[in-house]
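Numbering (this note's numbering), first residue to last: 650 to 779.
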C-alpha cells in the first residue's frame, strides 16, 4: 500500500508543478494531495517534499497558519468556478443549478472569511505583542 501512496503522491506533485505554469490547472489542491500521500507512503519522502521550493511557495503558509496570498486564492477559485459554471450551463435540472450556485457562493465566502489573506511573500502571521 505504501507504493500506491507514493505513486499517487508523486503524480499529484507532478500535476501540481505543471499547474504552476498553466493558469487553468490549480496548483494548491494537487500539492496538498501530494503532501498527504507522501506522508502516508514514506516519512523520508514527506520530509523531502516539505523542503522543496514548490511546497514552501504554495503550501507552507496554508498548512502552518491557514493563510494564502490573494493570487493563490484566485488561482484555486477561478478554475474551479469555471468548471462549475460549465456544469451549470450543461445541467437542465433546476435543483442541480441551484446547488451549483450555492457551491460557488460557499467557496468564495469560505475562502475570504475562513482563510486569512496575506501579502505576497509573507509566509507567517505577524506576532501580536501584548
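Cβ coordinates follow ideal geometry from the N, Cα and C atoms, glycine included.
**Item:** Extent of the continuous alpha helix (DSSP H) to which residue 721 belongs
**Value:** 719-739
**Asked** Roughly how many whole angstroms lie between the Cα atoms of residue 742 and residue 701?
**Response** 45 Å
**Asked** Does the distance from the CB of residue 658 to the CB of residue 683 come in under 8 Å?
**Response** It is a contact, given that the beta carbons lie within the stated cut-off.
**Prompt:** How is the alpha helix (DSSP H) around residue 765 delimited, first residue to last?
**Reply:** Residue 765 -> not in any alpha helix (DSSP H); beta strand (DSSP E) instead, spanning 765-767.
**Message:** Just to confirm, is the Cβ distance from residue 749 to residue 737 under 8 Å?
**Reply:** yes
**Request:** Thinking residue 705 and residue 769 are a contact (beta carbons under 8 Å), I'd like their distance in whole angstroms, please.
**Result:** Actually they are not in contact, since the Cβ atoms of residue 705 and residue 769 sit about 14 Å apart, beyond 8 Å.
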